[in-house]
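The next block holds one structure in the form of structure tokens; read it before the comments.
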Amino acid sequence: MDSQTALGSANQPHQQASSISHTADEVYQLAQTQGFALLDEAIDAQRLKDMLQDEQCGALATFEGWVRNHNNDSRVTSLTYYGYEKLAINQGKLIVEEAKRLFDIQNAVAIHRIGALEIGDMAVWVGVSSKHRYPAFDACKWILDTIKADIPVWKQEYYQDQSSKWLSNNG
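So for the sequence shown, this note's numbering puts the first residue at 4; every next one is plus one.
Below is the structure:
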């Protein structure tokens, strides 16, 4: 086996972790039915928000997480998110189900990006609908914090000085 073939084989799992096995339409359907999905292209916040429309609800709380240009004292130029898709979807579904048990909410949806992102790109979106505002706010924060702690997603940040660093999703 030549070095190019060996390199290609070694990078294959790594490359698959930064892309998904579904089309964008399938991902949004998965998010609607399971409550959570990973996506390897720009997040359509309006499409997600539309999923949460409910005449019984008087509140919608959302959160958008964006790629920022720094982490502590380091200038970030871009980053790449990697994820374990099947496990992430299963854990995400459990997180949304638990949120529905813990908070008086009607529905919740979340999507996390994987792949290469630039400064300003949306990396995560969480939305919660409920009859009243406080459960929506509380559940939205809880879902985001739990996703960041429990979903198998990692990021590699790239810095202005050409270095990079691997971080957990909550790092």
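C-beta atoms are modelled at their ideal positions from N, C-alpha and C, and glycine is treated no differently. Here the structure is a predicted model, which means the values were calculated and not measured.
When the Cα of residue i is compared with those of the options, which residue comes out closest?
i      : options                       : result
Gly86  : Asp53, Ile117, Arg104, Ala139 : Ile117
Phe106 : Ser132, Ala91, Gln94          : Ser132
Ala126 : Gly95, Ala111, Trp69, Ala152  : Trp69
Gln59  : Arg71, Asn110, Gln163, Glu121 : Asn110
Ala119 : Glu29, Thr83, Arg78           : Thr83
Ile114 : Lys151, Arg71, Asn75          : Lys151
Gln56  : Arg104, Gly130, Ser77         : Gly130
Arg50  : Ala64, Gln159, Asp28          : Asp28
Glu121 : Asp76, Lys158, Lys52          : Lys158
Trp169 : Gly95, His25, Ser24, Asn74    : Asn74
So residue i packs on residue j, CB below 8 Å; how close in whole Å?
i      : j     : result
Trp145 : Ala48 : That pair is no contact at about 20 Å.
Ala139 : Ala34 : Wrong, their Cβ atoms sit about 18 Å apart, outside the cutoff.
Tyr161 : Thr80 : 5 Å
Please classify residue i as buried or exposed, where buried requires at least 16 neighbouring CB atoms within 10 angstroms.
i      : result
Tyr31  : buried
Tyr135 : The residue you asked about is not Tyr; residue 135 is His in the sequence shown. The residue is exposed, with fewer than 16 neighbouring Cβ atoms inside 10 Å.
Tyr137 : exposed
Asn172 : buried
Gly123 : exposed
Thr36  : exposed
Ala45  : exposed
Thr252 : Coverage of the chain is limited to positions 4 through 174, which leaves residue 252 absent and any answer about it impossible.
Since residue i sits in a beta bridge, which residues does DSSP pair it with?
i      : result
Val79  : Tyr162
His235 : The question about residue 235 has no answer here: the residues shown for the chain are numbered 4 through 174.
Trp145 : BP columns for Trp145 are empty, so no partner.
Check your understanding: Okay, do the region 72-92 and the region 35-55 touch, 3+ Cβ pairs below 8 Å being the bar?
Key -> The region 72-92 is in contact with the region 35-55.
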